[in-house]
Amino acid sequence: MDADARTVGEFLSKREPRKGEARRVRMRHDAGRYDFYPDRKHYEHEFERIWVAQAQHHPKLLTQDTKRAVKRVIFFQRPLKQQVVGKCSFAGLYGIPEDETRIPKAHPLFQQRRLYEEVNQLEIVSVGAASRKLTLDERDALVLKLQDKKRVTFKTLGLSIKLKAGERFNKESENRTDLLGDEVRAEMMRKDCFGNDWPAFAIDEQWHIIDRLLNEEDTERLLVWLQTNFGISQERAEAISHANLPQGHGRFGITASTALLRELKADVTTYAEAAKQAGYRHSDHRTGKCYEELPYYGEILAREIPPGRLEYGSALERRWGKITNPTVHIGLNQLRKLLNAVVRKYGRPDYIFVELARELKLNEKQKAEHNRRIKQSTDAATARSKQLVELGERDSGHNRMKLRIWEQLNLADPHDRRCPYCGLKIEIEMLMKGSTEIDHIIPYSRCLDDTLDNKVICHTQCNRQKGNKTPWERWGETDRWSIIRHQVARLHKSKQWRFSPDAMQRVERDGGFIARQLADTQYLSRIAAKYLSSLYKPEEGRRVHAVTGRMTAMLRRLWGLNNILPDHNWVDNEHSDAPKNRLDHRHHAIDAAVVGATDARMIQRIATSAGHAEEQHLDVQFFDLPHPWDGFREDLRHSLDAITVSFKPDHGRKGKPSKDHDVTSGRLHNDTAYGLTGKVTATGVPIVVTRKPLLSLKPSDLNNLGRMPDRDLQDALYQATTGTSGKEFEKSLLDFAKREGPYKGIRRVRLTEPLKVIPIRDKLGRVYKAVKGDANARFDVWRMPDGKWITKWKDREGSEQSSIISLFDAHQRHFEETRPHPAAKKVLSLRQNDLLAIERGGGAREIMRVVKFSSNGSMQLAAHNEAGALRSRHDDRADRFRYVSTSAGRLKNLRARQIRIDELGHVHDPGPRD
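In terms of this note's numbering, the sequence shown opens at residue 106 and continues consecutively.
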């Protein structure tokens, strides 16, 4: 903003678009001018100018105390929450304090340890000769070359130790041409910073300076401190204050870093050897304590997870910390329950095998393809780093990602990349200036998909408008959709479908969440292996093994297990190539059986053979691999028939909500806000009003008299659309909004409808809007004195009552359920994913899962093992699956009762009720 502009408004009134400008501006679609995104400092500047001008006329009113109070109200901002630093990987072991935290990557000790560790790993290789380690003199020469540079090419490093013709470093490849140096030392030794004075500072003094650079928020105070303490000029102090320092933290604290660096310097030794010489077990952090049962995972994995916080609900989580990924957190807690139940009944397992979803060793052809992809990605990342430097921006992973996603807006024409939500151009300079953001096309909270395919760069304002909706939900029925549709055509197909009207249905149908779970499973498996190892003493050796998911899939095919759970499309042939039946939850049990039947010898045999495979399917090599025992497949089939699938129902919180720590178990209502007209129907249903986009109107909205409060508008729309339907009806609405007259430019209309809504009150108890309930929490069934089972009844005043409790009502602090009769007895209280035992027509017991229930008293059940998109399967005539639709009365006829399944899979059935 120009210095002579007194206010933001004055600045904008004089502002004209300037060619090539892209700092915090974007082209307006309608007028060809620029929108300006002011900073906080611009508003503070305006406040100061206005206050000075007004204080001259009202000196008694506009005092300094008043100014401070008003400015605090306008500009006060809570400080950002300090990020909690994790513990050292060796904290609590080998004499290292339990609370010692990890040092930042900008710490000189971290930089030196990493540098010596990487250089010590280098070996000299040449064709036809064995590789050799560096000599101590060679190592020291390379460190000397690297310590003052941020990066040095392998070619330069080779010249510094005079490699012979044909010799090279083992880390050198077409994908990696250089080695990272001491980033901090190189940065601080720049001529405009400390220069050659930097190495003269002791490490403690170096860290004191860097710590001040990282944490001092007051720039002026920092500059004064630098000039006063080091006798440098204003220009040099400013250069130092803008030093580009690495972000994040390492794995070790100050104690371990010092000890490891000492051993790494002493000889050309690897990290594993240095850790051993320092007295550490680098790959086994067990304390020697052997647990009879698994404790809370945080106690074992405290060095692997973020530390505890006061806001955590559980005392164990506050003490030990927790993994913030909810899938992993829940998975480890469920693992603890399962293993402890096994230990109590059967004793501690001799060995534990965990399935780990990672790839086997690639063959040569696959390696070449893999390396090609890596090189492409590396080259592209290097180019983006160069761009960031040229732009004067930090070369960080986040900024490189923004560049990458921006490039994906239009791969064909790099000079025409536009916001997918408004169609306005996004210049490269706009990416880092606050006017653009990375947006999840389908909101992350609704799909847990954090891949690049679900991300775009858009204008900040568009992102705010979009909110927690998909593009179609926000703009699908507005004039803007034609602009969005044009921009979506430029995107990759993997992004395009996320703009469609059925995007959310596809997330559920195509397993978007499953893809996320698979990624979590890989991490969870590795963490789980460390967790499970706490059941064994170090001297017992390795008792927990990880088996890859690919290996499990391979063995499943080899042993003819994929079709052991056939559906109506498959032939039961032991060695058929049928895919895994993912429409039956018991396919997980097959994987577990394969993992349980795999020992260390088989893992080694498969891994070794797979590494030698050349352009052959892995199954071919192991076609003759014997079953674990004779009759394995038949025994497994018999076991599967006896399995009842267990679910973890979401019952929300227990008891009344807490005043200071309240949580919900789902969305309490939908997003639409309704106004109350004060009128009701003959049956007492409120008549509400809401605004609806013009293009989302239906012919029925215009035919129904009284649907619009504005009768003249309804008549005009009816006349404009008479005799039209479909696309023609939509075109008539568009034409209507373009006509000259009182309704030109109309975008929304007010509509009324009778609707059961939830009143929302202000602090004084006055109703100011209403919302519609979004989901139900509980389906209660009452048995009346006459033996009838009901969920709906009429009270003494004749009003209809229901025991189907909405999520909104269930979370109210003073909610009290109603009883249909003083002598009524509650026989069922069901939530989604609860399990029921039923008996149809006097037949055998069937275990069913509660899939969904509605406020009209209906409920849909599915067999416990049925998986996949059940709604789609129910509607698919080619699929034999059908919901079991029922009601309170029919549940009685089915002799329904709620059952429980314990951790070991035992069914606890109370039997039919009288």
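Glycine is no exception: its CB is placed at the ideal position from the N, C-alpha and C atoms.
Since we're looking at a predicted model, the values are computed, not measured.
Between M813 and R855, the C-beta spacing is below 8 Å. Under the DSSP assignment, T857 falls in the beta strand (DSSP E) whose first and last residues are R853 to P859.
For the stretch 549-592, the full-length alpha helix (DSSP H) segments reaching 4 residues or more read 549-552, 565-571 and 576-580 along the chain. In the DSSP annotation of this structure, R367 is not part of any beta strand (DSSP E); the continuous alpha helix (DSSP H) holding it starts and ends at I359 to A371.
Taking all protein chains in view, the Cβ of S630 is crowded by 16 or more other Cβ atoms within 10 Å, so the residue is classified as buried. In this structure, the CA atom of T829 is about 40 Å from the CA atom of E905. Taking D689 as the centre and dropping the five residues before and after it, the same chain places the C-beta of L670, D672, N970, E971 and A972 closer than 8 Å to its C-beta, in chain order. In its chain, beyond the 5 residues on either side, L421 have a beta carbon closer than 6 Å to the beta carbon of Y401. CA-to-CA, the gap between R738 and R691 works out to about 15 Å. Note: R1002 is bridge-paired with A942 in the DSSP secondary-structure output.
Remark: fewer than three beta-carbon pairs, one from each stretch, lie closer than 8 Å, so the stretch 773-787 and the stretch 831-851 are not flagged as touching. Counting C-beta atoms within 10 angstroms of its own C-beta, P606 has fewer than 16 neighbours from the protein chains shown and is therefore classed as exposed.
Three or more Cβ pairs closer than 8 Å define a contact, and the stretch 145-164 falls short of that threshold against the stretch 328-337. When only Cα atoms are considered, I315 and L493 end up about 23 Å apart. Boundaries of the alpha helix (DSSP H) around F737: F737 to D746. Under the criterion of beta carbons closer than 8 Å, R441 and L399 qualify as touching, at roughly 5 Å.
In this structure, DSSP gives M659 a helical state, which the three-state scheme calls helix.
For G878, the uninterrupted beta strand (DSSP E) run begins and ends at V872 to G878, by DSSP. Counting every other CB atom within 10 Å of its CB across the protein chains shown gives P213 a total of 16 or more, marking it as buried. A residue is called buried once 16 or more other Cβ atoms fall within 10 Å of its Cβ, and G358 is buried on that count.
Here the alpha carbons of V793 and T777 stand approximately 12 Å from one another. Under DSSP, the beta-bridge partners assigned to L933 are V886. For F958, the enclosing beta strand (DSSP E) has its first and last residue at R950 to F958. The beta-carbon distance between C567 and Y526, rounded to whole angstroms, is 4 Å. This is short enough to meet the 8 Å contact definition. Here the stretch 943-954 does not lie against the stretch 924-934, with fewer than 3 beta-carbon pairs under 8 Å apart. The beta carbon of A967 is closer than 8 Å to those of M953, R954, V956, L975, F986, Y988 and V989 in its chain, skipping five residues each way along the sequence. For H545, no alpha helix (DSSP H) run applies; the uninterrupted beta strand (DSSP E) run containing it begins and ends at T541 to H545, by DSSP. Note on geometry: alpha-carbon atoms of T168 and V157 lie some 11 Å from one another.
Its chain contains I748, T749 and S751 as the residues whose beta carbon lies nearer than 8 Å to that of G1010, once the 5 sequence neighbours on both sides are disregarded; these appear in chain order. When F215, V230 and L239 are compared, the shortest CA-CA separation from V224 is found for L239. Excluding residues up to 5 positions away in sequence, W425 lie with their Cβ nearer than 6 Å to the Cβ of E404 in the same chain. Shown here, I865 sits in a strand according to DSSP, grouped into three states. R523 and I533 do not touch by the CB rule: their CB atoms are close to 13 Å apart, not below 8 Å.
Per DSSP, the unbroken alpha helix (DSSP H) holding P213 starts and ends at P213 to N225. Rounded to the nearest angstrom, the Cβ distance from A344 to E292 is 10 Å, too far for a contact under 8 Å. The C-beta distance from L514 to V561 rounds to 7 Å, short enough to fall under 8 Å.
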